[in-house]
Structures are given as structure tokens and as C-alpha cells.
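Asks:
Protein chains: 2
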Amino acid sequence: MLSIGKLSGQTGVKVPTIRYYEDAGMLPVPERSPSNQRLYGAATVERLNFIRHSRELGFPLEAIRDLLSLSDKPDQSCAAADAIAQVQLRAVEARIARLQNLKSELERMISQCAGGKISECRVIESLSDHDQCGVEHK
Amino acid sequence: MLSIGKLSGQTGVKVPTIRYYEDAGMLPVPERSPSNQRLYGAATVERLNFIRHSRELGFPLEAIRDLLSLSDKPDQSCAAADAIAQVQLRAVEARIARLQNLKSELERMISQCAGGKISECRVIESLSDHDQCGVEHK
DNA sequence: TCTAATTCCTCTAGCAACTAGAGGTGCAAG
DNA sequence: CTTGCACCTCTAGTTGCTAGAGGAATTAGA
Chain E
15 MLSIGKLSGQ TGVKVPTIRY YEDAGMLPVP ERSPSNQRLY GAATVERLNF
65 IRHSRELGFP LEAIRDLLSL SDKPDQSCAA ADAIAQVQLR AVEARIARLQ
115 NLKSELERMI SQCAGGKISE CRVIESLSDH DQCGVEHK
Chain U
15 MLSIGKLSGQ TGVKVPTIRY YEDAGMLPVP ERSPSNQRLY GAATVERLNF
65 IRHSRELGFP LEAIRDLLSL SDKPDQSCAA ADAIAQVQLR AVEARIARLQ
115 NLKSELERMI SQCAGGKISE CRVIESLSDH DQCGVEHK
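Quick note, the sequences are listed as chains E and U, same order.
Position in the first sequence counted from 1, then plus 14, gives you my numbering.
Position in the second sequence counted from 1, then plus 14, gives you my numbering.
#1: DSSP three-state call for L71 of chain E: helix, strand or coil?
#2: Which residue marks the beginning of the alpha helix (DSSP H) containing Y54 of chain E, and which one marks its end?
#3: In the DSSP assignment, find the alpha helix (DSSP H) that holds L21 of chain E and state where it starts and stops.
#4: Can a CB atom of chain U be found closer than 8 Å to the CB of N71 of chain E?
#5: Compare the C-beta of G23 of chain E with all C-beta atoms of chain U and state if any pair is closer than 8 Å.
#6: Residues of the stretch 31-47 of chain E in Cβ contact with chain U at a cutoff of 9 Å, in chain order, please.
#7: Check this for me: beta carbons of R112 of chain U and L71 of chain E, under 8 Å apart or not?
#8: So, under 8 Å CB-CB, L16 of chain U and L53 of chain U are touching, yes? Tell me the CB distance rounded to an integer number of Å.
#9: E76 of chain U touches chain E at which residues, Cβ-Cβ below 8 Å?
#10: Taking buried to mean at least 16 other C-beta atoms within 10 Å of its own C-beta, is E150 of chain E buried or exposed?
#11: Just the Cα atoms here: how many angstroms apart are Q100 of chain E and L116 of chain U?
#12: From G23 of chain U to P30 of chain U, what distance separates their C-alpha atoms?
What follows is the structure, given as C-alpha cells:
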């Protein structure tokens, strides 16, 4: 069994964040030692790594809860879970599309900033200029 | 002169957000009408468009404040503005790469889900597994 | 073995970047 | 002239944490 500090060390998730995740329902309520300290099994390392990687990909905790609910019911038929995965896939595709717009916008800005003065700098100008940006706003 | 509502309409930035930006030092304290209502000049439309566009590109308010202060010194080199954009570009590229990893995992999961069980899916596994993730952590 | 440093506990409060609501004033149209 | 909207200030809520207070327990070194 792992203390919260060991769990933190093995996953890179900070101790207060682990406690926060517990409050937020991302982690099951752990066992306690006789002196009231949290004790975690090895499965929690996996679960925390999963949460951390998903967070790094930009998933909100709610979406991660959905994904975790898949792995919490490994014997369930995929029919019910398929919808969740599809929704996540569509969300990921939308994120990628948007980020690729932003990427080319940033590249364009940088290429136009060829070591000149700010008065000639296209970075600031293009950030003001809506027509050139290629990002859709309503 | 524009009321806060007109300014909001012309820029797409919500009224409470404009007031928030004022508190946050992103916008100069505006004139007031005799009845205490905010009045904005045309320059504020430009400034707000700049802020909104920068936010949509993922710049934090602090970086936008830096960019705004740079644009007040037009004779300096634009290297600093370029550097801020470079940092954003690198962050965006990293996110795209990770999301594409996840996208193919989700696609694989959905295709494997044809009649199978969740326990055979590799999404959770690949998101838990540090070695496969392609992202560097410390 | 004793002590000092560390880890753990709970709790509250703060961060960014807003958003929503309460409760009140002003202004323009029917 | 009154109704209805836009505006005002202020507080509080949101998400996903992070930092600190104040206190108990465990571990490491002399």
C-alpha cells in the first residue's frame, strides 16, 4: 500500500491535487491507516496516470469521469459505452481542427515578424485584424 | 462615443467581461456620462478586438498585457512580441500532437468495440501508460 | 532512544478568467 | 407616464487546482 506522498511521487500528481480529485469524485475514497492516513493500492497509480494524461490533453474532469466510467465497468458490453467514446472522439477532432487553425495563424504572424521594429511588426497588427485571422467568431 | 452595450455589440465581448477587463487593467478607465455610464472612443474597439483575438489564440491576459505595452513602444525591436508568439506556437503544436495520439486510440477503441468488451479496449491503457504517451514529464 | 525534520491530516482562501445574479438608477418609446 | 431595457455596483459561483494555517504522526539522524 502507498501513502499519498508515494502515490504523488509515482504519478507526478501533487498531493493536494490527489485529495482534490478524491473530493471531486475522480478517485475512490481510499482506505485509511490506524492513524487516519490514506492508503492506496497499485490500481490507483494507473488511474491517476490516466487522469493526468487526459488533463494534459485538455479534457475537462467531467469528460475524464466519463472515460473512467468505461474502465470501471470492463465487463459491460461496448454498446452502451460506444456513444461515450464517439462523443469524446468528436470532441477531440473539434479540438484538433481548432488548434490547427490557431497554429497556422501563429505561424503566419511569426513569419511576418522578420526582426523589424514593432511599428512594422505584423504580430500585433494581425492580432487586431479580424479579417485576416481565419478563425471563426460569431 | 459608445456605450458599453454598443462596444460589446461591435466587438463581441460581453458587457460584464468588458467591465472585468477594466478592473484587470486591460482597458483604460473610460470617461463617464453625467449619469455615470461608461463612454468609449473608437480606439477602444481596436483594443478590445486585439484582446479578444489574442484570447482566442490562447494567450493569457498577462501575455496580452505585455503585447499591449509593447505596441506602445513602436521603436523597439519586435523580438519580444515574436518570442511570445513562438511560445504559444510551441504549446499549440504539442497539444495537437497529443490529441492526435488520443484520436487514433479512440478510433481504435470504437472499431474494437464491435461486439467486444471494454476490457479489450486500449484507450485507458494507453492513456495510463507513460512510455507510450510520447509526452515528456519530469 | 531521543529529537528534529518530514509527512500527513483538515480546513480555509486564493488564482485565472470569467459568468450569473441581486438590487438599484436612468433613459427612451408607446 | 409607465413600462421595459440598458446601465450601475456588488457579491458569489464556476473549474481545476495551489498555498497556507495549525496540528498530529511518522521517519531519520545523533
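Ideal Cβ placement from N, Cα and C applies to all residues, glycine included.
Replies: Here's the rundown:
#1: In the first sequence, the residue the question calls residue 71 of chain E occupies position 57. The answer is coil: DSSP assigns L71 of chain E none of H, G, I, E or B.
#2: Taking the first residue of the first sequence as position 1, residue 54 of chain E is located at position 40. Unbroken run through Y54 of chain E: none, as it is neither H nor E.
#3: Within the first sequence, numbered from 1, the residue matching residue 21 of chain E stands at position 7. Run containing L21 of chain E: 18-25, per the alpha helix (DSSP H) assignment.
#4: Along the first sequence, read from residue 1 onward, the residue named residue 71 of chain E stands at position 57. As written in the sequence, residue 71 of chain E is Leu, which differs from the Asn given in the question. Closer than 8 Å: yes.
#5: Sequence index remark: in the first sequence, residue 23 of chain E carries index 9 (1-based). No, G23 of chain E lies away from the interface with chain U (no Cβ there is under 8 Å from its Cβ).
#6: none
#7: What you label residue 112 of chain U is simply residue 98 of the second sequence in a count that begins at 1. What you label residue 71 of chain E is simply residue 57 of the first sequence in a count that begins at 1. Yes.
#8: Within the second sequence, the letter at position 2 stands for residue 16 of chain U. Within the second sequence, the letter at position 39 stands for residue 53 of chain U. Contact holds; Cβ gap of about 7 Å.
#9: Along the second sequence, one-based indexing puts residue 76 of chain U at 62. The contacting residues do not exist; E76 of chain U stays about 15 Å from chain E at best.
#10: Locating residue 150 of chain E in the first sequence gives position 136, counting from the first residue. For E150 of chain E, the predicted model reports a pLDDT of 46, less than 50, meaning its position is unreliable and no value from the coordinates is stated.
#11: For this step, residue 100 of chain E is matched to residue 86 along the first sequence. For this step, residue 116 of chain U is matched to residue 102 along the second sequence. If you take the alpha carbons of Q100 of chain E and L116 of chain U, they lie about 13 Å apart.
#12: Sequence index remark: in the second sequence, residue 23 of chain U carries index 9 (1-based). Sequence index remark: in the second sequence, residue 30 of chain U carries index 16 (1-based). Going by the C-alpha atoms only, they are around 13 Å apart.
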